[in-house]
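Working notes, structure below.
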Amino acid sequence: MSGRDRISRALTPVTGRLSGKPYKSIRNTLGKGTGEKRGQARYSAFDLFRRGFTKDPWPPVWREHELSSSYDVVVVGGGVHGLAIAYYLAHRHGITNVCVLDKSYVGSGGSGRNTAIIRSNYLTPDGVRFYDRSVKLYENLSAELNFNVMFSQRGHLTLAHNDSSLRTMRWRAEVNKLENIDSEVIGPEEIKKLVPYLDVSSEPRYPILGALYHPPGGIIRHDAVVWGYARGADTAGVHIHQNTEVVGINVSSGRVTGVRTNRGDISAPIVVNATAGWASLISNMVGVRMPITTSPLQAAVTEPVKPFLNTVVVSGSLHVYMSQTDRGELVFGASVDPFPSYSMRGSLDFIEGLASHVLELMPALSKMRVLRQWAGLCDMTPDYSPIMGFTPVEGFLVDVGWGTYGFKAGPVSGEAMAQLIADNKTPQIIEAFALERFGTGELLGEKGAASVGH
Amino acid sequence: MARPAAVARSPIPAFGSTDVVAGWEVSQTSRTSQGATLELIDCMPLTKVLVRGAASGAVADLLKTPFGRASRTLSGVLTTACRPEEWTLYAVPGSAPRLIDKVTKRVPAGELVTLLDITHGRTLVRLTGSRGPDVLCKLCGIDLSDAVTPTGAALRTSVARLTVELVRDDRNGVCSYLMSCDRSYGDYFFGALLDAGTEFAIEPQGFVLPGI
Amino acid sequence: MRLSLRPGEVIDRSRPLRFTWNGHDYPAFLGDTISSALAASGERVMSRSFKYSRPRGVLTADSLDPGCIVQVGDEPNVRASHRRVEDGMIASPQNVWPSLRFDVKVANRAVSRFLSAGFYYKTFMKPQRLWPAYEAVLKRFASGGVISNRPAAGYFDKRYAHPDVVVAGGGPAGMSAAVAAAEAGAQVMLVESEHELGGHLRWGGAHELSVLAELKAAVSATNSIEVLIDSVVAGRYDGNFLAILQRSLPGVTERLIKARAKTLIVAPGLIERPYVFAGNDLPGVMLSGAARRLINLWAVKPGTRAVVFTANSSGDAAAQDLEGAGVEVCCVEDARRGGDVVRASGSATLQSVECGDGRTYQCDLLVTATGWTAPTSLLNMAGDKPTYDERAARFFPCSLPEDVLATGGITGDGSLEQILEHAAHTGRLAAGRARVAGGRLRKGVPHAAPTDSPVAEEQSNAITALPVDAHVALFRGRTHGFVDFSEDVSSKELEAAVAEGYSSIELAKRYTTATMGSAQGKLEVVNAVAVVAAATESTITETGTTVWRPPYAPITLGALAGRTLEPVRYSPMQSWHEARGATPLVAGAWIRPDHYGNPTAEVRNVRSNVGLIDVTPLGKFDLRGPDAAKLLSQLYVNKWAKLAVGSVRYGVMCAEDGVVLDDGVTGRLSDDNYLMTATSSGADTLLEWAESWLQTEHPEWRVHITPVTSDFASINVAGPKSRTLLERLVENVDLSAEAFPYMRVRRGRVAGVEDCLMWRIGFTGELSFELHVPSSYGLHVWESLMEQGADLGIAPFGIEAQRILRLEKGHLIVGQDTDGLTRAYSAELDWAIKLDKEDFSGKPELSWQAERSDWPKLVGLRPEDVTVVPPEASQIVHDGAIAGRITSSRMSPTLGRPICLGLVAPHLAEPGTELSIVLPAGVRARAVVTEHLAHFDPEGQRLRG
Amino acid sequence: MILIPCPNCGPRNASEFRYVGESIARPDPNSATQEQWRAYLYERVNPSGWTTESWFHRAGCGRYFKIERDTNSNEVRAVRLEPAAATKGES
Ligand SMILES: Cc1cc2nc3c(=O)[nH]c(=O)nc-3n(C[C@H](O)[C@H](O)[C@H](O)COP(=O)(O)OP(=O)(O)OC[C@H]3O[C@@H](n4cnc5c(N)ncnc54)[C@H](O)[C@@H]3O)c2cc1C
Ligand SMILES: NC(=O)c1ccc[n+]([C@@H]2O[C@H](COP(=O)([O-])OP(=O)(O)OC[C@H]3O[C@@H](n4cnc5c(N)ncnc54)[C@H](O)[C@@H]3O)[C@@H](O)[C@H]2O)c1
Ligand SMILES: Cc1cc2nc3c(=O)[nH]c(=O)nc-3n(C[C@H](O)[C@H](O)[C@H](O)COP(=O)(O)O)c2cc1C
Ligand SMILES: [Zn+2]
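Protein chains in written order, with our numbering: chain A, 13 to 466; chain B, 286 to 497; chain C, 8 to 952; chain D, 13 to 103.
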């Protein structure tokens, strides 16, 4: 296929076309692998107590399987998105002949290395509604998954150091309020009350003029979300294949027919690309060109100290965000690296810049020590909004473009993509995120809220 | 109408008492510390002329200074070539019109040359002393060893997070750097150099003629 | 108890010190670490573990010591086995619940059943609203010290370095490599994390000490070695960029050296590995290295009655040292002959040890020497994947990049002499490679001295690899014990994690947090891997290790940040603004006057008299050459070909997606010379944008663009009396409306200053002149204007007044009245866009936009309630949906009512349309779309006056 | 910090440069279809491995140039100055 063809294919407006009829109507004819419910142990304080005495071992969170030669849905990528899609397919729609493939361990991508900030105070109404749905799902996730994901809604502050960012904060707050999101602009005195360690004097080079305060925002135990979804999906019969790398995708007359992996081939009518930082590589396999670049995003954690910071603090101008975990460490992040790369080695400039910005905000922290720095890959889109749904290749779906902010969207994305697969139709909540928008030039413009915001 | 004579001022705030030298307000050089082992001089009054033109044109022939080098091929003028097809000429205060004229005369019609008096647009300082590299290495990622940056080296790079034209221009065998940055950063830049030099007892000094 | 003089001791007995620990006074000698001094006073419990509150003491007696992490004054998490005592130091334990010495063993046993790794994932799920309460309890377990909210003391410094060879590790191997590399002509940095060079030789016997003395003499005799002690090579990054943390410096708290090393030699020796068995964390159980260090470096007797469990020479030497120190060694349990240790018991500290054959010894000291862990961290960072050698029971370097070499204990065993020789070879090889790399780095550097031809390097295969000795593979014994001491993770918990499905080492790590604590796996990773491997019935090689990441040892934020380097820009009139008490506004790097006390009065004064504003930050560019107009035409949506000399035009610039990028006026000064202006925040981008057209798309165009922003002090003189004022100061320019009309540019003398440019333009909507004077005279001209304008009521005005003035006039601000998606037609710029031009940036998008009408529009808005100013960013709603927003809004001092600009949906953009604005607190306000963007003087009579 | 070998100045710290982007030819603005133009604006190959890209030496010579870089190792080879004129016609 010539480059030109590829481009025009990616950009012709597409409508939902999977296999002709909605998935729900065919799923009953698919006999194998469905709904095999298993006596998964329910977690509870009582059981914890009981097993403490009886020494009964806990059953595994998920099982290992041989690779089947065919599945109804193959999800590529075992991060929060891929696992949530599988989970909701199985639990909401009874579609269980599903596998999730990951080239490494589950959560080894962005889902296992993000700073775990959850919030919904975005800028566009489409964005706000979407992320709000995710926050709602997160609020019930521990109960739903019977796995404590430790969602700590401790409040989220985005600092404004100049009047244009203060204006953007107000813009967000206004849109948020109209969408019934708890979000408001507060002044330095209130900020100081929430975060006594912040330097709110007029001295600093980056004075704190105000902040967007979002009480329902907070942090979560990111790994627990991944494990909880994996466990939930497994319970319903989904196969989770770790160390299984997709190396090619079979397409025949414009339709996906299956994937090739390092462990063998799988045939499937539906393949979902949920590989975040690696998304271009998977889409390139079927010739769907994407408006995505992959950039490392780095993070770091300090040695623990006793709790002193009970809010998530973000500064867009200083490119830094921080929170303190319940274990006492400070977790920091910044903006993506200055050039794209698939390297996850990390850099010294990142940690230097980060430290100087942190100290600009909280000068008292200069004797805290950085324990570890790491990097993950981010699939950046031009408008800082995701790309979700159908593509010009039938049966090839994408849930990508998560940039630096996709962890918080895991639940809603899983729910919406599962719905899309079951109905063969794009649910309203993700209509604005279609790949087509780059063909029509109608970008979504979340940059003001997402570029460093997380 | 009688008006105060126009006085030119440096972006670097004066320290101590001031003099007027060649129409410029400058800090007085402290006599006691003359010959300080590490000194930082505000050289703002020096004339600075920017020349842009082809690498192989009449201007290049006249200036005889290849990219990456500094030289004194024109008498009384330090010619630096920190960027390809671009030179900055440094000379005594007030000599811009003469210099521009001199170069203009050599440019044949049709050769594209830009000549600008940028005296006021750049902050210019000189750091002299054998510990100069130890100060600069706190602010600049360039290898300052003699092999890589010998005297006569001219380059544009980042110093104290600013884009700076850096010229190694030793004086009487003592390591010396002439540095210029955008004028508006002058105060900050001078301060950053002084801070970096604290460890080596750096001393700020005023400008004295001829200064180049 | 302090022993009598030891030959290698590092304490200075003539310098006694006192310090406070846990509220009590303790003695020490200069050279003591906090923990050695405490141990000398008989203290054994240094902390309590964070999860199970178990008492912990000295385990390694070096910077890794997990149980010896303390608070010193304001500083949390200080390594008590590394930090030296200072006179008057106040140190305290960090995790002391319920108290340092209290025996909570019984409680522990009960609790630990339920607190096993990951217990919190399995409970507190419901109801969600109770989670905050549970969370508060969990937080009480947070370990670590206390960070105070006082401004931090200390001078943190940074510098770059370009050494030929950096040697990480100042043991015998590192010293020998450094000397050899230096002798081969390299500039060398020798970095040692302890307070002195010497590595393990320091606590060795007479032979080791004499070799050490020789090596030290050789190092100090070599000029081109820079020795850094109490310093760590903390990270190796792409391009052999090294982070080196330097401490123990006079006048500098810590310094981060960023070294672009041509070659790096990794010589970190080996780290002694603890053994996993029941009670292995009791105070009194320590590694052989710890016992030897206590005895030989600090002359501390580590116990009275000891069991030594040894699998190697280090254990054997420890047994000897103990006996020499008067410790009764009641049993040497030799793993090489099948010996084993099963259990250590005691209440707060060790009381007895049970061996593999069931014998039990009453003792207060158990020394283990069960093997080594190779600290391959720096090598992993360099891309190596070290391999596990079963026979030696440790990892070895495998495939190193050209610029990284390894020597010493990390690469093999052998005699001291063999190691010195291997290291010397490595040093020479590194020097050779550095020379070649140096040549490569200088190639293409126009200012560098010519390179001498690279000397052929010593062949790496000429180096005889060090022999590798067999070592018993000892990880976990027959009982369960602690694998990760700082994270309180036992082998049992790791096994349980595997059984629960967290079966890869990475998942087991994340589930249990093993290797995630202060030592980052340097002490614990191999044991963790071994436990997981056993539980999954696979080998250590198959299981692999967790990922090593920087830093090698924790670094303070202060050192990473260094001195604050935040460039700021000032105009030449800054001192004047400051003296007048102007309120500063931070605008990017510029600091500018926001106002001088009363912006409303400043506005009124401009409308009635004359005002001065400092607009120096305005981006300014000199354009020269016959094709200058082509460049302008490419950058702007407007046409430029016909702009007359002496005229000025407003232009709008779009990116290739049609989105408004910048605006400004450009004047034609002579035939092929233009002065172009840009917004102050857009100036840097604009230059690069223009250069990209010139360098990549139109290299054939003959034009230079040169930034001259700071060459001029820019002063806008605005108000009906501005002409009168300037007539007093301007020479050789006729300022009359006829001779110098609106949108023209002139050059002349102002206040005696030659070569000033004057434009007649008016962002404020008033008669105004913008002066661009050579910067060094800016203050002079400004002061002259103020002086000459005194009788005209002149007053300075700041950014805030300017914002109001321009809003009254309806001039848009790019980035405020437009956003990242606003294409030019949305910004009411139709009149400027010339689609009939051959090309300009964003043309295709704009031509498509022109064909449509469904884009938002910028409009003027007049709120009906004249007392309420809708805040900027207020939303405009229509039919229950957001249909626009207020982009600019102020109370107009001139009109006495609020005025706004807004971006609204196209069907609401007709003049006269009534809109509903959501005010704070949800109240709605009504506003009407006005005819023009301008609220004041829409015809522009004033500015043309 | 990686070194970017500037064809004018020699190797310099990457922080002196601005990464511009994957090398893409600008379509003819007068004949480009919406598809072509928007592909130019937004679509990227984003390969894992060797790629050709543009950089700008901001704190140095102020020139745009192209390099080939391996996006996994960040290793750089084959450096050349703009103008693109010389390379036009490449896809
Ligand atoms: C440092 C950092 C901080 C962040 N902070 C936040 C934050 O605070 N809040 C927030 O909301 N978001 C944050 N993010 C973004 C967030 O982590 C990601 O957007 C999100 O995790 C994406 O989830 P995912 O499931 O789509 O992808 P991932 O979790 O990246 O999963 C993709 C998976 O695909 C697998 N894969 C790739 N190629 C193949 C193949 N060929 N075959 C099989 N498997 C393959 C990978 O192994 C990987 O496990 C951050 C990201 C980083 C890196
Ligand atoms: N008896 C023992 O205690 C013992 C221990 C280890 C090795 N050995 C033997 O020692 C010889 C090897 O000597 P060697 O020189 O390789 O090791 P060494 O342990 O003697 O010295 C290594 C030195 O490197 C320092 N170091 C480690 N990482 C560092 C870093 N990132 N930055 C700065 N400094 C760092 C350590 O503090 C230590 O002083 C071999 O004979 C080996 O068998 C003996
Ligand atoms: C929210 C969060 C907190 C973390 N806290 C720690 C920590 O306390 N200690 C630690 O060693 N690593 C911590 N990590 C980093 C991980 O060890 C690891 O570096 C990260 O998941 C990336 O994986 P990798 O380093 O194996 O590539 C944390 C990571 C995240 C995302
Ligand atoms: Zn360059």
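For each residue, glycine too, the CB sits at the ideal point set by N, CA and C. Quantities reported herein were computed from a predicted structural model and do not represent experimental measurements.
Where S699/C is concerned, the enclosing alpha helix (DSSP H) starts and stops at 690 to 699. Using a 10 angstroms sphere on the CB of P382/B, the tally of other CB atoms stays under 16, which defines it as exposed. Taking 8 Å as the cut-off, the C-beta of C73/D counts as close to a heavy atom of ligand 4. Taking CB atoms only, Q425/C has no neighbour in chain B less than 9 Å away. Separation of V760/C and G674/C (C-alpha to C-alpha, rounded to the nearest whole angstrom) is 21 Å. According to DSSP, I16/D shares a beta bridge with R24/D.
DSSP places N303/C in the helix class (H, G or I) of the three-state scheme. For L440/B, the chain D residues whose Cβ falls inside 8 Å of its Cβ are C21, G72, in order along the chain.
The beta carbon of L427/C is closer than 7 Å to those of P179, S183 in its chain, skipping five residues each way along the sequence. Of all residues in the stretch 447 to 462 of chain B, those with a C-beta nearer than 7 Å to a C-beta of chain C are L447, reading in chain order. In the DSSP assignment, Q882/C forms a beta bridge with R892/C. In terms of Cβ geometry, L263/C and G671/C do not form a close pair [threshold 9 Å]. Contact of R75/D with chain A is not assigned, every C-beta pair being separated by 9 Å or more. Assignment of P382/B by DSSP, reduced to helix, strand and coil, places it in the helix class. For Q527/C, the shortest C-beta to heavy atom distance toward ligand 3 is below 8 Å.
W838/C counts as exposed, since fewer than 16 other beta carbons sit within 10 angstroms of its beta carbon. In the displayed model, I97/A falls within a helix according to three-state DSSP.
Around the CB of A98/C, 16 or more other CB atoms lie within 10 Å, so the residue is classed as buried.
A contact is defined here as three or more CB-CB pairs under 8 Å, and the stretch 213 to 231 of chain A meets this definition with respect to the stretch 158 to 170 of chain A. A distance below 8 Å between beta-carbons, with the five flanking residues on each side excluded, links R104/A to the following residues of its chain, in chain order: E427, A430, Q431, A434. For I433/A, the secondary structure class from DSSP, reduced to helix, strand or coil, is helix. About 16 Å separates the beta carbon of A241/C from that of P170/C, a gap too long to meet the 8 Å contact definition.
Burial check for N156/C: the Cβ neighbour count within 10 Å stays below 16, so the residue is exposed.
Here the stretch 301 to 311 of chain A does not lie against the stretch 197 to 207 of chain A, with fewer than 3 beta-carbon pairs under 8 Å apart. If you look at N534/C, you'll find it in the alpha helix (DSSP H) that goes 532 to 542.
P781/C sits close to F719/C, with the two beta carbons spaced by under 9 Å. Around the C-beta of R62/A, fewer than 16 other C-beta atoms lie within 10 Å, and the residue is accordingly described as exposed. Not one heavy atom of ligand 1 lies closer than 8 Å to the C-beta of A98/A. No Cβ-Cβ contact shorter than 9 Å links W414/A with A242/A. Residues of chain D with a Cβ closer than 8 Å to the Cβ of V452/C are, in chain order, C21, G22, P23.
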